[in-house]
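Structure record follows, encoded as structure tokens.
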Amino acid sequence: MTRWLTEAVPRGRVAAFRTVIYLFVAADLVIFTPWVRTRVSVPGDLYQPLLIGRLLPLPTPTATLVAVIFWSLLALALLAATGRAPRLLGWAVCALYLEWMIIAMSYGKVDHDRFGLLVALAVLPTAGRARHGDATRTEAGGWALRVTQIAVICTYFLAAFAKLRFGGLDWLTGSVLARAIIRRGTDLADLIAQVPYLLIVAQFGIVAFELLSPVVFFLPPRWRHAMVGFFYSFHVVTIATITISFAPHLAAMTSFLPLERVRPLVWARRLIGRGTPAPTSADVDTLPDQDPVGANADPAPLGDQAPVVGRPAGP
Numbered sequence: 054m055t056r057w058l059t060e061a062v063p064r065g066r067v068a069a070f071r072t073v074i075y076l077f078v079a080a081d082l083v084i085f086t087p088w089v090r091t092r093v094s095v096p097g098d099l100y101q102p103l104l105i106g107r108l109l110p111l112p113t114p115t116a117t118l119v120a121v122i123f124w125s126l127l128a129l130a131l132l133a134a135t136g137r138a139p140r141l142l143g144w145a146v147c148a149l150y151l152e153w154m155i156i157a158m159s160y161g162k163v164d165h166d167r168f169g170l171l172v173a174l175a176v177l178p179t180a181g182r183a184r185h186g187d188a189t190r191t192e193a194g195g196w197a198l199r200v201t202q203i204a205v206i207c208t209y210f211l212a213a214f215a216k217l218r219f220g221g222l223d224w225l226t227g228s229v230l231a232r233a234i235i236r237r238g239t240d241l242a243d244l245i246a247q248v249p250y251l252l253i254v255a256q257f258g259i260v261a262f263e264l265l266s267p268v269v270f271f272l273p274p275r276w277r278h279a280m281v282g283f284f285y286s287f288h289v290v291t292i293a294t295i296t297i298s299f300a301p302h303l304a305a306m307t308s309f310l311p312l313e314r315v316r317p318l319v320w321a322r323r324l325i326g327r328g329t330p331a332p333t334s335a336d337v338d339t340l341p342d343q344d345p346v347g348a349n350a351d352p353a354p355l356g357d358q359a360p361v362v363g364r365p366a367g368p
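To convert, count from 1 in the sequence shown and add 53; that's this note's numbering.
The following block contains the structure:
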């Protein structure tokens, strides 16, 4: 079990995952949860902190507190995305984002799609330094990714458990998706809703998929990536039909992917290099003269092949 939890991964994967997570935190502040800043206009009596907010305890949000958290978190998340000071910046971002979420979720609604992201922020500082493209393997980074993966799958599995616990079998045969489509459905959802019994079948499928999600850990890499692709496609359909975004969960789910292969800066340099014009004959004529290969000069390399013993190098 310990070996599985700490399975070594390339440091480049950890570096890429760290960049994805911290850039998402910055995007979350300005795109997905800027409404948290409006909580300061709500009377303080309506602030009912989550259990962790009561245990610490944390102060009731004020305009100054929320503003300080917002701007500090935005700056630190962008700095942390560069990979510098991974422990110092990582712990700072984790603490500030946790407080940001406590403020957001202490007014009556708690979103379960942020569990994997919060776990990722908690474990990334323990992964240590990692550079993009580094192929050396790290068990500490592997542990951070594995724990995030477990949190992602727990989000699915426990969601199914909650459906059956609070809704019972009626969740499967009721009008859950129908109500969601009425409230926030799209034109695509309206077309799907016209198919008899399709929404009931979809509800059975959702619960089955969530209960079977832990199977992803027992699949070989190729099939595991295919199943993760199915996870992403499920959320694409969810957004396209009932406009529910699981963006924080999708960011955490990149922990399953070989992110070290995604090198946008390298690709950009290659594209720029391909756009460089080849030297013309005039350019060649102006190059400095080079000494021919003589008796005292080393022969030109032959790539990865060495000359056969007993035969001279060359064609």
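Every residue, glycine too, gets a C-beta built ideally from N, C-alpha and C. Predicted, not measured: the structure shown is a model, and the values here were computed from it.
In the structure shown, P63 adopts extended strand secondary structure according to DSSP, grouped into three states. Of V229, R92, L198, L303, the smallest CA-CA separation from Y160 is found for R92. Inter-residue distance for A148 and I292 is about 30 Å (C-alpha atoms, whole angstroms). Taking a cut-off of 8 Å on C-beta distances, the segment 158-177 touches the segment 63-78, as three or more cross pairs fall below it. The continuous alpha helix (DSSP H) containing D243 extends over residues 240-246.
In this structure the segment 221-231 touches the segment 256-276; the number of beta carbon pairs closer than 8 Å is three or more.
Selection P311, R323, A304 evaluated against L170 yields A304 as nearest (Cα-Cα).
For the 8 Å CB-CB criterion, P267 and I325 do not form a contact. Contact holds between the segment 79-91 and the segment 122-129, because three or more Cβ pairs, one in each stretch, are under 8 Å apart. Collapsing the DSSP output to three states places T117 in a helix.
Residues T291 of the same chain have their beta carbon placed closer than 7 Å to that of I297, with the five preceding and five following residues left out of the count.
Cα atoms of A242 and A157: separation of roughly 29 Å, rounded to the nearest angstrom. Considering only V172, V119, L132, P102, the residue with the shortest C-alpha distance to H302 is V172. Across the structure, Y150 and L198 are spaced so that their CA atoms are roughly 19 Å apart. Each residue's CA atom was taken as its position, placing L109 and L103 some 10 Å apart. Leaving aside the five residues that flank G97 on each side, the residues in its chain whose CB is nearer than 6 Å to its CB run, in chain order, T113. Remark: three or more beta-carbon pairs, one from each stretch, lie closer than 8 Å, so the segment 56-66 and the segment 186-202 are flagged as touching. Close CB contacts of M280 within its chain, under the 7 Å cut and outside five residues either way in sequence, are with V269, L272 (chain order). Contact check for A204 against E263 fails: the beta carbons are separated by 8 Å or more. With respect to the 8 Å criterion, T294 and I245 are classified as neighbours on the basis of their beta carbons. If you check the CB distance, H185 and A321 do not come in under 8 Å.
Around the beta carbon of P139, a 10 Å sphere encloses 16 or more other beta carbons of the protein chains shown; the residue is thus reported as buried.
Taking all protein chains shown into account, G65 has 16 or more neighbouring C-beta atoms within 10 Å of its C-beta and is therefore buried. When only Cα atoms are considered, Y209 and R314 end up about 27 Å apart. Contact between V319 and G194 does not hold, since their C-beta atoms are separated by about 20 Å, which reaches or exceeds 8 Å.
Among the bridge pairs identified by DSSP, R190 is matched with P63.
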